[in-house]
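Q:
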Ligand SMILES: [Zn+2]
């Protein structure tokens, strides 16, 4: 497993927003990634929309120095029932592919469809009206099957993140997620250890269940169950309940698998998290 910068740290985001020149912005990213000691970078839409970097012109000194992946997150994928919703998701895949192929990106990842308003979390079962997810799943399967070969032509894997909070995402848990991914040969998996642990899954079990299907990467940050979502996820590595030793050990010899740090906070948290992970590697 190699480690990649994802969230760049609060102070660095402020700095990035202050810099206006594109070339200066990219040099800042280069220095930041090098100083942290990351091998890769996982870009996500905020790099463009909030930090102001243009993905159309990712400089050679970035793409030659670091291994790149792109996390589309939840941009564009909704319940996929209406033609409009399907069209939006289709556009998300095509835009991601265009960006990713320009910069020599190795993987593009996305979230499964949401069926609840994430702002209303936590959702108790009584609040939820039963949703028929089979049409959503069928339409998602069609889209993924259409796009996988196109990504693969550019040597890019396409991966879905393990968001499987019941009543929130279409997947009700690990069994449901596993069944869906099993039905799509070639679809990769991005494991978010923070959310999965927070939701009550044992990470060892998540890995054992999904590894045979093809894990392409991880979102690494710690978690503490029972807290509010914002306080219990995306914590510095080593400050929560997750056993990172066994995660790193089981992917020690898998050079293609990325571990993107999704620690949301000060730059110091990222520095300390990476140092901790490197002692385990
Ligand atoms: Zn994640």
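Residue numbers (this note's numbering): 789 to 1069. Backbone N, C-alpha and C fix where the C-beta goes; we use that ideal spot for every residue, glycine too.
Let me check you understand the geometry: is the CB of residue 894 closer than 7 angstroms to at least one non-hydrogen atom of ligand 1?
A: Working through the chain shown from its first residue, we reach residue 894 at position 106. No, since every heavy atom of ligand 1 falls outside the 7 angstroms radius drawn around the Cβ of residue 894.
Q: Run through DSSP, which three-state label would residue 850 get?
A: As a position in the chain shown, residue 850 is number 62, starting the count at 1. Helix, per DSSP.
Q: In this structure, does DSSP put residue 789 in helix, strand or coil?
A: Start at 1 with the first residue of the chain shown, and residue 789 comes out as number 1. In the structure shown, residue 789 sits in coil (DSSP, three-state: anything other than H, G, I, E or B).
Q: Just the C-alpha distance for residue 827 and residue 1045, rounded to the nearest angstrom, thanks.
A: By one-based count along the chain shown, residue 827 stands at place 39. By one-based count along the chain shown, residue 1045 stands at place 257. If I take the Cα positions, the gap works out to 12 angstroms.
Q: I'd like the list of long-range same chain contacts for residue 849, defined as Cβ closer than 7 angstroms, with 5 residues on each side in sequence excluded.
A: Against the chain shown, residue 849 aligns to sequence position 61. Hits under 7 angstroms: 818.
Q: Taking the CB atoms as reference points, tell me whether residue 1035 and residue 995 lie closer together than 8 angstroms.
A: Working through the chain shown from its first residue, we reach residue 1035 at position 247. Working through the chain shown from its first residue, we reach residue 995 at position 207. For residue 1035 and residue 995, yes; Cβs fall inside 8 angstroms.
Q: If residue 1028 and residue 1011 are in contact, beta carbons under 8 angstroms, what's the gap, nearest whole angstrom?
A: Here residue 1028 refers to the residue found at position 240 when the chain shown is read from its first residue. Here residue 1011 refers to the residue found at position 223 when the chain shown is read from its first residue. Between residue 1011 and residue 1028 the Cβ distance is about 5 angstroms, and since that is below 8 angstroms, they are a contact.
Q: Which first and last residues belong to the beta strand (DSSP E) in which residue 1022 is found?
A: Residue 1022 sits at position 234 when you count from the first residue of the chain shown. Run containing residue 1022: none; DSSP gives neither H nor E here.
Q: Below 8 angstroms on the Cβ atoms is my guess for residue 969 versus residue 975; work out the distance and round it to an integer in Å.
A: For the purposes of this step, residue 969 is taken as residue 181 along the chain shown, with counting starting at 1. For the purposes of this step, residue 975 is taken as residue 187 along the chain shown, with counting starting at 1. The Cβ separation is near 6 angstroms, so the contact holds.
Q: CB of residue 942 to nearest heavy atom of ligand 1: below 7 angstroms?
A: Sequence index remark: in the chain shown, residue 942 carries index 154 (1-based). The answer is no for residue 942.
Q: When the Cα of residue 845 is compared with those of 888, 803 and 1022, which residue comes out closest?
A: Against the chain shown, residue 845 aligns to sequence position 57. Answer by Cα proximity: 888.
Q: Answer with buried or exposed for residue 808, where buried requires no fewer than 16 other C-beta atoms within 10 angstroms of its C-beta.
A: Sequence index remark: in the chain shown, residue 808 carries index 20 (1-based). By the neighbour-count rule (16 or more Cβ atoms within 10 Å), residue 808 is not buried but exposed.
Q: Put residue 972 into one of helix, strand or coil per three-state DSSP.
A: Residue 972 sits at position 184 when you count from the first residue of the chain shown. Here residue 972 sits in coil by DSSP.
Q: Under 8 angstroms by Cβ, that's how I've got residue 923 and residue 874 pegged, so tell me the actual separation to the nearest angstrom.
A: Reading the chain shown from its first residue, position 135 is the one you call residue 923. Reading the chain shown from its first residue, position 86 is the one you call residue 874. Actually they do not touch by this definition, with Cβ atoms about 11 angstroms apart.
Q: What residues does ligand 1 have around it, judged by CB closer than 6 angstroms to any heavy atom, in chain order?
A: Listed by chain position, these are 949, 980, 1007 and 1050.
Q: Can you name, in chain order, every residue of its own chain whose Cβ lies under 7 angstroms from the Cβ of residue 824, other than the five neighbours on each side?
A: For the purposes of this step, residue 824 is taken as residue 36 along the chain shown, with counting starting at 1. The residues are 793, 1058, 1059 and 1062.
Q: Which of the three DSSP states is assigned to residue 997 in this structure?
A: Locating residue 997 in the chain shown gives position 209, where the first residue counts as 1. Reduced to three states, the DSSP call for residue 997 is helix.
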